[in-house]
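A.B. asks: Heads up: the sequence shown runs through residues 2 to 1206, numbered per the working numbering.
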Amino acid sequence: MVAVNRIHAIVVASVLAPTLLLGFASEDASSPNRPVDASVANDALRYGRDIRPILSDRCFLCHGPDAATQMADLRLDSFADATRELDGFAAIVPGDPEASLLFERITTDDPHDVMPPPKSGKRAITDEEIDLIRRWIEAGAEYEDHWAFEPLLAPVVPPAVDDTWSRNDIDRFVHRRLARAGMTPADEADRETLARRLFLDVTGLPPTPDELDAFLADRSPDAYERLVDRVLTEEPYRTRLAERMATPWLDLARYADTSGIHMDAGRQIWPYRDWVLDAFRSNMPFDRFTVEQLAGDLLPDPTIDQLIASGFHRNHVTSDEGGAIADEYLLEYAVDRVETTGAVWLGLTVGCARCHDHKFDPISQQDFYNLIAFFNNVEQPGIYTQVPDSNRAFEPALEIPREADAERIAEIAAKIVALESERSTPTPEEQAAVDDYLAGLGSDGGFGWTTAEPIAADSRDGATMEILEDGSVLATEGNPADDAVTITYRLTDGEHDAILVEALPHDSLPGTGTGRAPNGNSILAGITVEAISVADPTRRVDVPLDWAWADHEQPNGDFRITNALRPDDGRVWAAESHGIPGRRTFVFLAAEPFGFEGGTELVVRYGFDSPYAQHAIGRTRLQVGTADESTRTSLPVARSDWYIVGPYPTTTGQEAYDTAYGPEAPGPLAFGTKYRNLAWRHAPGVIDGQNVTLAQGIGAEYIGREIYSPTARDLSVSLGSDDGVQVFRNGEKIFDRRVNRGVAPDQDRIQVPLVAGLNTLVLKIVNTGGAGGMYFRADPPESELPSTAVALLLPASSVRPPVLASANESIRIRRSPRYRRLNEDIGVLTAERTQLVSDVPKTMIMQEREIPRDTYVMMRGLYDQPDRDRPASRAIPTVLGSLPTDIENPDRLDFARWLVSDDNPLTARVEANRTWAMFFGRGLVESVEDFGYQGAWPSHPQLLDHLAATFRDGDWDRLALIRRILTSATYRQSARRNDRSLETDFDNVLLSSFPRQRLSAEQIRDQALFASGLLVERFGGPSVKPYQPEGLWKEVAMLQSNTRNYEQGYGDDLYRRSVYTYWKRASPPPSMLALDAPTREYCSTRRLTTNTPLQALVLWNDPQFVEAAKLLAATVIERETADEARFDLLFRITTAAPPSDAIRETLRDTIARYRSRYENAPEDAAALIAVGETMPPEGLDPAELAAWTMLANAVLCSDAAIVKD
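1. Helix, strand or coil, according to DSSP, for residue 1034 in the structure here?
2. Using only alpha-carbon positions, find the residue among 136, 98, 77 and 581 that is nearest to residue 47.
3. Excluding the 5 residues preceding and the 5 following residue 577 in the sequence, name in chain order all residues of the same chain whose CB lies nearer than 6 Å to its CB.
4. At which residue ranges does the region 442 to 518 contain complete beta strand (DSSP E) runs of 3 or more residues, listed in the order of the chain?
5. The beta strand (DSSP E) that contains residue 108, what's its start and end?
6. Grab me the residues of residue 683's own chain with a C-beta within less than 7 Å of its C-beta, minus the 5 sequence neighbours each way, in chain order.
7. Give the C-beta separation of residue 474 and residue 458 to the nearest angstrom, bearing in mind that I take them to be a contact with Cβ-Cβ under 8 Å.
8. Measure the alpha-carbon distance for residue 606 versus residue 395 and round it to whole angstroms.
9. Determine the burial state of residue 269: buried for a count of at least 16 other Cβ atoms within 10 Å of its Cβ, exposed for fewer.
10. Which residues bound the alpha helix (DSSP H) around residue 148?
11. Determine the burial state of residue 668: buried for a count of at least 16 other Cβ atoms within 10 Å of its Cβ, exposed for fewer.
12. If you reduce the DSSP assignment to three classes, tell me which class residue 570 lands in.
13. Rank 1201, 507 and 794 by C-alpha distance to the C-alpha of residue 1135 and give the top, closest one.
14. Less than 8 Å separating the beta-carbons of residue 1 and residue 975?
15. What do you reckon, are the CB atoms on residue 247 and residue 274 nearer than 8 Å?
16. What does DSSP give as the partner residues of residue 1101 in its beta bridges?
17. Can you tell me the Cα-Cα spacing of residue 328 and residue 864, whole angstroms?
18. How big is the Cα-Cα spacing for residue 768 and residue 1048?
19. Rounded to whole angstroms, what is the Cα-Cα separation between residue 22 and residue 1140?
20. Quick one, are the C-beta atoms of residue 1120 and residue 1130 less than 8 Å apart?
21. Looking at C-beta atoms only, is the number of pairs between the region 929 to 939 and the region 54 to 67 that lie closer than 8 Å three or more?
22. Taking Cβ to Cβ, would you say residue 496 is nearer than 8 Å to residue 627?
23. Which residue's Cα is closest to the Cα of residue 612: 574, 799, 214 and 210?
24. Any chance the region 1055 to 1074 sits against the region 286 to 297, with 3 or more Cβ pairs inside 8 Å?
25. Could you check whether the region 734 to 744 touches the region 768 to 782, counting it as contact only if at least three pairs of C-beta atoms, one from each stretch, sit closer than 8 Å?
26. Please name the residue or residues paired with residue 91 in a DSSP beta bridge.
27. On the DSSP letters alone, give me the boundaries of the alpha helix (DSSP H) that residue 828 sits inside.
28. Count the CB pairs spanning the region 910 to 925 and the region 939 to 948 that are closer than 8 Å, and state whether there are at least three.
29. Beta-carbon within less than 6 Å of residue 1194's beta-carbon, same chain only, minus the 5 sequence neighbours each way: which residues are those?
30. Using only the alpha-carbon positions, how far apart do residue 1000 and residue 279 sit?
31. What is the DSSP secondary structure of residue 1020, counted as helix, strand or coil?
32. Bridge partners for residue 639 per DSSP, in chain order?
33. Does the distance from the CB of residue 410 to the CB of residue 305 come in under 8 Å?
34. Just reading off the alpha helix (DSSP H) that residue 775 is part of, what are its end residues?
35. Look at the alpha carbon of residue 262 and the alpha carbon of residue 318, and state the distance between them as a whole number of angstroms.
36. Check whether the Cβ atoms of residue 548 and residue 453 lie closer than 8 Å to each other.
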């Protein structure tokens, strides 16, 4: 990039002259809007077209449909209200402007009375507008219903003004409109221009010289029509058409590859984009296209494709900000869906009614929330979790395995089931050996468990505690949100070092669980123990606990039993009693034996302070025991979940290795401590035995966990890392591997020396580029019990039967001589299945909640201010009628079907208008997103209704609509303007010629790739990352974002069509953004065209365009030897026409100067032709190639190339 800028800095003077001569920035291509002088001069005055826009813009804010802001009890949006007498006056007196208070107020010079008031910020009404209002009142002040809300009926096609010009019905409407304005249509464009226009409009790519020659050689009368049919129906044009048409639809769908808020995390939804592409390629009828996107998940027995289609309304921005309020964002998501649906299908700004009745359109706030009710029932969280995986499909999501992968996954699953069955069925000899082993454990595993007698129980926050006859303690009256329960137990003589706690169900507790929560669940936030001598109560000691085990831990969060060993850090153990009924059992080991001669009182404090209100354990029973050394040695280590802190970006890997950022410090994981403004956070995505993706870019990231060991021992660990890894045990570095590699299992094997009790294990992963990663697996010795087998060391009565069955099974597997072989086979298959599943495409879909969410009108549009007196029910806006009466409980599917029914006057008009705008640059209604009162009046109302009705009645066939447009004489006109046209209709609203338009950002890039031969035409698939300046993502990303670093693609990924480019909302592709592409944070209904110097710099200096110019230059040099022939070929490839004589003269002068410049600066020539990953053919002279590269670049940047005539 630096070399390119340097070269252009030197040659900018020479390249500028030919570029301007070629017309880089054409005024006609993007002229500012100007009023149409005579487009309506010969029409009768119309309220909707001529008067309502004035009143809507200047008056409706205070005198419109919104009752909350009406002033002076006056409405001007209806005839009855405007002519009603108020205090002896009427705003409008039909036939008498002088008696009309409205006319008096808009013509007065008194600043206190004039309307609109100067302080309103509204523009004063002009003399021309005053005259229109005067004439309208004189004519009777007739109001009319808004044209867009009128039923859609096909108008009568007018007779042809000139039979020699009109080619279809479109032309009859257009020509008659021109004739009324005293204008005539332009001549037909020359065939080269017409072919280029057609190819660019349909495929997004220019025609090749061969395709041009074939069309020019076909002199048959229907040659053009047959070319239209070919590009609409044949391959490869049909696929190119899909890729061209998908881009504006993805703008509407606000498609992007990141979430947009806070972390702007990456997400996987590209299968939705593939669905859109397939829909366009197959010419899916628009009614089906609508229903499947808005409600594909609600169709009877929806197919995978229909579920994928429902992702339309999962494209919206989502948040993963910690501490954000879920209900607030759930409302925002629903609002986005309604606003998008309103813009795309209704052409209405319905979002203006979120906080109050619409100021201008007849849409009430009740209407808005009735629409919200359709979209407010999605099964999704308001705030998503943060994970390192930038390819995650945010829930609800769908896996889409390829057929071969699905078959292999099923085959592997069957093999694993068979191997597991074989592994779990021992031979008689193996069973005998296992039985002997179990017998050796004894009935209580050597612990000698005895039930402790409770003698006192107390609740800190007021619950009533009752001691039952079986030695358990039950909480009865009072159920505080948080609590701490203290129970004192009487123990006999002797020492103990183990505590067994049973959490027991009871008929008085909710459900079948162990807790006091309404759903029966329970948590344990902490447990502390104190031993007091009965003989001498002054002798009392705290009993530290340094190991824990539970028969079950709730799996959907950080709920390990080890959390209870640190009672003050906010973490808890959870029972999942609401999902799995029955008792829960947990065991704690003391660091030292406890107990006094003469008896001991054991004071146990159970802590239940947590974010989970009323989740205290409702009934407990306690036993004590003693573990001998062999028992302790056989117990497994207890592990916390993994936690992560970082990344810490650096400029070099060496710096990352050598810098201590703090998390490796000795001691327990300090969850409240900030290490350079970052703190430990739960990492549910870090799973033992799996490759884990970490943050991208150069830097360090820490992954840590706590390990509680019953005895001092060595832990055998298998590691993998991307790139290097340092391992710290209790603050001491015990391993350091500095290497550049991708992560894989078993790259390193180490022994971690554990002390008895708490150990802190921290892995520092150093990434030297690309994505980081890690792998961790602990391999316990066979002498160590499997975790589930600890249940065999407990009294059988204290453990649920399924837990005992699982424990017996784990022992049988461990003692089996076939275990290792079968386990290895299962491991290999499991790893393959894991990889296949991780590679399966996933996408985000809609999914309804089983219990509908209540919806209310939200006062001022705020999530926390529902008006309980104004519930919302699913219904369409009143102005558009109502859903069929036979639908009792309408849902999204009913709403989607109504949108494309004959009862809805808007959808066909809106889509027909949007399709027209795709080819002419402007809709028949210019405000394509707003068909309401504030929207533009149709330039050709009857033509719009003709197109819309024909579209609807023709089975919503888009290609038929497009063909009708493309074969019209209106479309085939030349873009040349005459003086009469410029004087009468400057903006060409009446279409007296074809409107010149600059190509879209995607078309400009794709054209350059296509012309150069670089374009890789592969249909569908994941997003790709072509050239982009370094550091842009990092500038806008938070440190923990998984899209902080842009990893440029390579090979084919650099040259795919632009529709496949990865779209990060916080930093969209910069060349696209410079050329007016939206960020896609919200629905974009049309792109406004700008002309800026930055655009020229992009086209001159972006490596994508420089590389394309280089390859285009190589093509020209290899195919032709003479400069004149090369000029012709260069222009035919890029513009479809040879250069004019004047431009040809400029080209001769320019290529001469470029040759001289690069012959005298070979190092600059070498730097220029080295740009990009694709090198030109060998044997070309570097100076000659550099000179033609500069010329090709100038032509690719020119007005002739980037504007469609």
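The beta carbon of each residue, even a glycine, is placed where N, CA and C say it ideally should be.
C.D. replies: Quick look at the numbers:
1. helix
2. 136
3. 555
4. 454 to 460, 466 to 468, 474 to 476, 485 to 492 and 497 to 504
5. Run containing residue 108: none in the beta strand (DSSP E); it sits in the alpha helix (DSSP H), 102 to 108.
6. 559, 642 and 644
7. 5 Å
8. 41 Å
9. buried
10. Taken as a continuous stretch (DSSP letters only), residue 148 belongs to no alpha helix (DSSP H), as it is neither H nor E.
11. exposed
12. coil
13. 1201
14. Here the chain has residues from 2 to 1206 only, and residue 1 is not among them.
15. yes
16. Paired residue(s): none; residue 1101 is not in a bridge.
17. 7 Å
18. 13 Å
19. For residue 22, the pLDDT reaches just 35, beneath the cut-off of 50, and the residue's location in the model is therefore unreliable, leaving the point undetermined.
20. yes
21. yes
22. yes
23. 574
24. no
25. yes
26. 86
27. 820 to 840
28. yes
29. 1110
30. 24 Å
31. coil
32. 709
33. no
34. Element bounds for residue 775: not the alpha helix (DSSP H) but the beta strand (DSSP E), 772 to 779.
35. 7 Å
36. no
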